[in-house]
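Going down the list, the sequences are from chains H and C.
For what it's worth, my numbering labels the leading residue of the first sequence as 11, then goes sequentially.
For what it's worth, my numbering labels the leading residue of the second sequence as 121, then goes sequentially.
Glycine residues also receive a C-beta, built at the ideal position from the N, C-alpha and C atoms.
Being a predicted model, the structure only gives us computed values, none of them experimental.
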Amino acid sequence: MTLKYKLTANLVAASLVPVIFVAAIAYGNAKHSAVNATLSNLEAVSDATVERLERYRRQGGDESKLWSVVRDNAALGERGEILVARRQTATALGAAPEIEFLAASRHEGDASELSILAGRESEVAIERALRGENGRSATYTDLAGRPVFAVTRYVADAGVGISVQMPKTEVYSSLSSLRFALIVMAAIVLGFCVLMAYITALSVAVPVQNLTLASTQIAGGALDTPIEQVPGDDEISALSHAFSTMTAHLRELYEGLESKVRQRTHQLEDALKEVTKFQQAVQYSTDSVFITDREMRIIYINPALEKLSGYRAWELLGKTVDVFKYERNDPALYLELFAVAARGQGVESDELINVRKDGSEYNAEFTFYPIKQRNQIQFFVGIINDITQRKREERAKSEFVSLASHQLRTPLTSIRWGMGRLRKTFDQSTLSPQQTKLFDAAHHAAKQMADTIGTMLMISRLSSGKLKLMPQSTDVAVLLQAMNELYQAQCVLEQKQMLIECPAPCAIQSDPALLKEVLSNIISNAIKYSPAGQSVRVNVTQHGNGVTVAVSDQGCGIPAAEQGKVFSMFFRAENAQRMPVSGTGLGLYLVYSLVTFLGGSISFTSEENRGTTFSIFLPLTPPQNG
Amino acid sequence: MAKTVLVTEDDSFLRETIQAVLEEHGVTVLSAENGDEAIQIIDRQPVDLLLLDIFMPVKDGYAVLEHRRTKGLTFPVVILSNASDHISKQKCEELGANDFLVKSDMDEDELWGKIAAFIGE
């Protein structure tokens, strides 16, 4: 039920009670007064009548004309009357004495015709008067048994009873109009109350209803719903004001939020566009790419990788990188690769053999690196490329180089030995300088060729990965001593000196043959490019983690502009090329490759026409995978 | 007593040169141009040193080494080969070779210095 009706009903009920109460009391009062007035009136009449009777008797009036005392009927309304009666003496034995009326009843007929049954006690007023009851009564009846208001008197010495009575109905009927008036008034008042109640209820209920409706709509999301402002300064208007304010705030907040959301959505859309670019770059790349989470579980495979591996993405998602492992590779290599990556560094290998879903193998170039955010690894990226073709070509090249080199060596040996033997057939004293020069040139060239072939073979073996580093105890001092002996003759011949300073023993874990190759190349260069009369110095320094071998010469140096290319293949600096010394440009390239292979590093300082110092650092123990 | 050295080399010029150099040092030289001939010689007579090429027709150096081992022969063996990349030094050592030399890397007169120790010179 709505508030309107509840309030109205309550207010009406609240006003109904007092109204009815008041009306009832008023009526009760009125009735009471009317009865009292009636009785008083009756009393007055009865007093007057009694007085007249006594006066009449005193005056010795005729008793048959007693009825003349009854005079005030007019004061008794319409149906009120005065009854005067005397008890007759008993006529028969046991029969109740009858009542004799002395005056005619106003309404009931002649006195002589009136008779009532006396005897039993009744409530008839005149009978009670004859019993001697004096006073007011509201409980007696008239002769016909109708209830009356009566004042009864008994004049004892005359033996006359008087009842002045008025039927209650007449008394009450005068009240009926009052009653009617009261009812009408009560109805009017009630009507007025209902109206006021309704108006009051409305004044409360309607704003509340409106507020309720509006707030229900707002709660439902229609923030634009207007809130009617209730005029006034009571709580209802305060409430409507408050609601209005709240709604306005809500609207602002919502709009503010909406615009923020819009803004953020735009930002996100832009970011997504950017990201989509990169995502598509990876998606459509011809490189096979996969991404893993920080536990190296695969979360993304690009189509190229699906194609390469023969697996569909769903077959690999969720699995760790171990799924790419293949037993044909050294497990230690995998351990190393993934351990390094887990430490935060990218790794690369082109030595792996991978297998596809269908079992076919291919040579793989594998790159694996971590992606960090806030210095913590979040993802790993893996790139796999099929380099089978490249490897095949490299192998073929390497095979060719190897085969060719070996084939070249045999005729080369013949040239070298032939020239040697030819020279000896001549009596050394008869050789002209020209002839000596020719022999020397040819012989030297053959030697050079042999050196070059050896270098080429080693480079080929290094780059094809055939070389495996098996570290063993290597004494640098001993190697350098061997160098000394090896180049002794040349030094003497060219008037150069080799000075070696090396702590003995000077042991590291390395490959003696390869280290010998390194030192031999560097020292040979130093001697070659040193001018006559100068010396080549070799200094060895020991550190906690390895040794440094420094080879210094006072030769032509390397021009600054060309120092960047020193270790590249076939490089010979201009000034070196101009010298009467020969070189292939392969030596330093080989040295660089070998030093790296041995786990060390090489650097140099050089100044044109002043000299060069090469520094080679070799670790105490080379790293695992060389 | 002059030492006997068996030179097994399929290239005739190289074989003859080695022989000449050795003979200049007073060594008796026997020569074979393939593994089969070498086997026949070492079966026939004692030698003080075997200079052995690996890649030869008929029978290669490996066969000679195996034969020598089977026969329980004890003379020193020096491999003289230019095909260093195609030969396993480890295998040669296991089969009883004492040293491995690349021919093109030395002058002919350097050869003596490298093998003299094996015949006690």
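With a 10 Å radius around its C-beta and 16 neighbouring C-beta atoms as the bar for buried, classify residue i as buried or exposed.
i: H/L93; result: buried
i: H/T149; result: exposed
i: H/A139; result: buried
i: H/T302; result: buried
i: H/L63; result: buried
i: C/E178; result: One point to set straight first is that residue 178 of chain C is Val, not Glu, in the sequence displayed. So C/V178 ends up on the exposed side.
i: H/N531; result: buried
i: H/H416; result: buried
i: H/T151; result: buried
i: H/K270; result: exposed
i: H/V236; result: The identity of residue 236 of chain H in the sequence shown is Pro, whereas the question assumes Val. With fewer than 16 Cβ atoms within 10 Å of its Cβ, H/P236 is classed as exposed.
Within 8 angstroms of any Cβ in chain H, is that where the Cβ of residue i sits?
i: C/F133; result: yes
i: C/D156; result: no
i: C/A183; result: no
i: C/A236; result: no
i: C/K251; result: As shown, chain C starts at 121 and ends at 241. That puts residue 251 of chain C outside it, with no answer to give.
i: C/T128; result: no
i: C/E214; result: no
i: C/D205; result: yes
i: C/D219; result: no
i: C/D180; result: no
i: C/T137; result: yes
i: C/D168; result: no
i: C/E153; result: no
Only counting the same chain, and skipping five residues up and downstream in sequence, which positions put a Cβ closer than 8 angstroms to that of residue i?
i: H/E404; result: S473 and S474
i: H/D450; result: none
i: H/V29; result: A196, V199, L200 and C203
i: H/I193; result: A33
i: C/L185; result: L172, V197, C212, L215, G216 and A217
i: H/D521; result: L479, M480, P481, Q482, T484 and L608
i: H/E305; result: T330
Are any of the Cβ atoms in chain C nearer than 8 angstroms to that of residue i?
i: H/R426; result: yes
i: H/G636; result: Per-residue confidence for H/G636 stands at a pLDDT of 40, beneath the threshold of 50, marking its modelled position as unreliable; no derived number is given.
i: H/G430; result: yes
i: H/T302; result: no
i: H/H454; result: no
i: H/S298; result: no
i: H/R338; result: no
i: H/G464; result: yes
i: H/S603; result: no
i: H/T420; result: yes
i: H/S412; result: yes
i: H/T484; result: no
i: H/T423; result: yes
Excluding sequence positions up to five away, which residues of its chain have a Cβ less than 6 angstroms from the Cβ of residue i?
i: C/V273; result: This structure cannot settle anything about residue 273 of chain C, because the visible part of chain C is limited to 121 through 241.
i: H/G231; result: none
i: H/V204; result: V22
i: H/G142; result: Y164
i: H/I394; result: S298, A374 and F376
i: H/R116; result: N83 and E91
Got a sec: is the Cβ-Cβ distance from residue i to anything in chain B below 8 angstroms?
i: H/S473; result: No chain B appears in this structure, whose protein chains are H and C.
In chain order, what residues of the same chain have a beta carbon less than 7 angstroms from the beta carbon of residue i, not counting five sequence neighbours either side?
i: C/F238; result: L169, P196, V198 and N218
i: H/T551; result: V557 and T558
i: H/Q573; result: S616
Give a single yes or no on whether residue i has its beta carbon closer than 7 angstroms to a heavy atom of the ligand ZN.
i: H/L260; result: The ligand ZN is absent from the structure shown, which contains no ligands of any kind.
The stretch 569 to 582 of chain H touching the stretch 592 to 607 of chain H, judged by at least three CB pairs closer than 8 angstroms:
Result yes; three or more Cβ-Cβ pairs closer than 8 angstroms.
Pairing CB atoms from the stretch 462 to 469 of chain H with CB atoms from the stretch 485 to 503 of chain H, are three or more of them under 8 angstroms?
Short answer: they don't touch.
Say whether the stretch 274 to 287 of chain H touches the stretch 348 to 367 of chain H, bearing in mind that this needs 3 or more beta-carbon pairs closer than 8 angstroms, one atom from each stretch.
With a cut-off of 8 angstroms, the stretch 348 to 367 of chain H and the stretch 274 to 287 of chain H do not count as touching, because too few Cβ pairs lie within range.
Sequence ranges, beta strand (DSSP E) only - wholly within the stretch 374 to 411 of chain H, length at least 3:
You should have 386 to 396.
Touch test, the stretch 497 to 511 of chain H against the stretch 537 to 548 of chain H, Cβ-Cβ under 8 angstroms, three pairs minimum:
Touching, per the Cβ criterion.
If contact is defined by three or more beta carbon pairs under 8 angstroms, each pair taking one atom from either stretch, is the stretch 614 to 628 of chain H in contact with the stretch 554 to 574 of chain H?
Short answer: they touch.
Enumerated in chain order, which unbroken segments of the alpha helix (DSSP H) with a length of 4 residues or greater are wholly contained in the stretch 173 to 235 of chain H?
As far as the stretch 173 to 235 of chain H is concerned, its whole alpha helix (DSSP H) runs of at least 4 residues are 178 to 229.
For the 8 angstroms Cβ check, are there 3 or more pairs between the stretch 31 to 46 of chain H and the stretch 172 to 185 of chain H?
Enough Cβ pairs lie closer than 8 angstroms, so yes.
Can you list, in chain order, the stretches of the beta strand (DSSP E) that have 3 or more residues and sit fully within the stretch 513 to 582 of chain H?
Runs of the beta strand (DSSP E) inside the stretch 513 to 582 of chain H: 517 to 520, 545 to 552 and 556 to 563.
Ignoring anything shorter than 4 residues, give me the alpha helix (DSSP H) runs that lie fully in the stretch 284 to 328 of chain H, in order along the chain.
Taken in chain order, the whole alpha helix (DSSP H) runs of length 4 or more contained in the stretch 284 to 328 of chain H are 313 to 319 and 323 to 326.
Validate contact between the stretch 438 to 456 of chain H and the stretch 137 to 151 of chain C using beta carbons, cut 8 angstroms, 3 pairs
No, because fewer than three Cβ pairs between the stretch 438 to 456 of chain H and the stretch 137 to 151 of chain C fall closer than 8 angstroms, the two stretches do not touch.
What are the complete beta strand (DSSP E) segments, minimum 3 residues, inside the stretch 123 to 156 of chain C?
124 to 128 and 148 to 152, all fully within the stretch 123 to 156 of chain C.
Indicate whether the contact test is met: 3 or more Cβ pairs, each with one atom in the stretch 383 to 400 of chain H and one in the stretch 409 to 424 of chain H, closer than 8 angstroms.
The stretch 383 to 400 of chain H is not in contact with the stretch 409 to 424 of chain H.
Write down every uninterrupted run of the alpha helix (DSSP H) in the stretch 442 to 526 of chain H whose length is 4 residues or greater and which is fully enclosed by it, in chain order.
List check, alpha helix (DSSP H) in window: 443 to 473 and 486 to 504.
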